[in-house]
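Contents: one structure, followed by commentary.
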Amino acid sequence: TFHLASNPDLVLAVSMTKARNEACGYPVIVQKYKPYNNGTAHQKWQYLENLKTFMAFYSTTLDKEITLANFAGICTSSVIKGENIDQP
């Protein structure tokens, strides 16, 4: 997660809008930090030093599944099957 130096409550995130640009994908935005372990994969990044670039969704499979379920409006119990997890 990359927090803004001027305001640590804000982070870089992938905007999970339904209006995806086929050529470029989803836009990168600044949004309020969500301190959850799951359901926030769109706020997690990996820096690839050799390519000098960031890779979005650098997280666990469960976090990605919960994030996508939340944005698609799907009940997360279908992903976790009744397990208690830290999520928004």
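The UniProt record's numbering applies: residue 1 is where the sequence shown begins, and numbers increase by one. Glycine is no exception: its CB is placed at the ideal position from the N, C-alpha and C atoms.
Within a 10 Å sphere around the beta-carbon of T53 sit fewer than 16 other beta-carbons, which makes this residue exposed. Cα atoms of Y47 and M55: separation of roughly 6 Å, rounded to the nearest angstrom. CA-to-CA, the gap between Y26 and L10 works out to about 19 Å.
Between the C-alpha atoms of Q43 and M16 there is a straight-line separation of about 11 Å.
Across the set L4, Y33, S6, D86, the C-alpha of D86 shows the shortest separation from the C-alpha of I66.
Between the beta-carbon of N70 and that of G39 there is about 5 Å, and that keeps the pair under the 8 Å contact cut. For A72, the enclosing alpha helix (DSSP H) begins and ends at 61-72. By the Cβ neighbour-count rule, T61 is exposed, with fewer than 16 other Cβ atoms within 10 Å of its own.
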